[in-house]
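Using my numbering, read the sequence shown as starting at -1 and increasing by one per residue. For glycine and all other residues, C-beta sits at the position ideal for the given N, C-alpha and C. Here the structure is laid out as structure tokens; the discussion comes afterwards.
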Amino acid sequence: SHSIKILYALSNSLPADVWVKAFKRRANEITITGGALEFNYVSDFMKKLSENTYFGNVQPKFQKNERTSGGVQFVSFELSVRSNQKRGR
């Protein structure tokens, strides 16, 4: 199915130190929320997504520094991604 292909493309675009917490799709708009060890890993993720044929325009909704309860610093982010593929292909 198309959703499986999108999830596969998403996992192939994911750098080692970036994780996805939520993935929402509405029509051709995908919202990805997650975390990364550093800001440049989020940039790498955005670049890889935009280079993937399944995804089009990638826009950051937010990126911010946070800390875990154990004091580890990380970056939380939310991205808005356009899907290039139509449903049913």
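- Per the C-alpha coordinates, the member of Ile2, Tyr6, Ala25 and Phe37 positioned closest to Pro58 is Phe37.
- Just so you know, the alpha carbons of Ser11 and Ser74 end up roughly 17 angstroms apart.
- Each residue's CA atom was taken as its position, placing Gln71 and Val16 some 13 angstroms apart.
- Partner residues in the beta bridge of Asn63, as assigned by DSSP, are Val73.
- Contact check for Thr31 against Lys19 passes: the beta carbons are separated by less than 8 angstroms.
- The continuous stretches of alpha helix (DSSP H) do not include Glu27, which lies in the beta strand (DSSP E) extending over residues Glu27 to Ala34.
- Pairing Asn82 with Thr51 gives a Cβ-Cβ distance under 8 angstroms.
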